[in-house]
Structure formats: structure tokens, C-alpha cells
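Just so you know, the sequence shown maps onto residues 2 to 78 in my numbering.
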Amino acid sequence: MHRKAAGLLALLSVSGLVASQSSQSTSYQQVEVDWVGDIPDYLVGTTFGIPWPRGKYGPKKTTFRALAGSSYVDLPS
2 MHRKAAGLLA
12 LLSVSGLVAS
22 QSSQSTSYQQ
32 VEVDWVGDIP
42 DYLVGTTFGI
52 PWPRGKYGPK
62 KTTFRALAGS
72 SYVDLPS
């Protein structure tokens, strides 16, 4: 499942959005992610990180999603 999600995220995030939500809040924060350099021809095993301020998103308290067309896909974190 993680590989499918990572591959899907890689495909969708060429100029996509990643959203995060705290379980204690109903608000979302969106961040645009993009490739640094050229888009790889083969997307298996793609990993990336987005720097957040320390303590802003607690483990097991935040969900992450990627925009896939007109709907969101849940991401593992």
C-alpha cells in the first residue's frame, strides 16, 4: 500500500497540493509540492519530505492527503 501511495503521490504531485489536518482541528493547511529538477522516468520508491516547524504536527494526530484530480488521496506518514 505504501508503494502505491508513494507512486500515486509522485504522479499527482508534479504540480500538486498536499494537505495536512490535525485531529484536534477541522482546518486544513495546503502546501504545493513540485519536483526539483527533471521528473524521473520511473517512479517506484520515490520519497520526499516537507519541512514543518518542530512540534506543529504531532505524530498520530495529523493526517496527510494529496490532491488527485478533484478529490484527495490519504497518504501514509
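Virtual Cβ for every residue (Gly too), placed ideally from N, Cα, C.
| query | result |
| --- | --- |
| Just verifying my parser: in three-state terms, what is the DSSP assignment at R66? | strand |
| For the beta strand (DSSP E) that Y29 lies in, which residues bound it at each end? | Y29 to D35 |
| Out of G50, L76 and P77, which one is the CA nearest neighbour of V37? | G50 |
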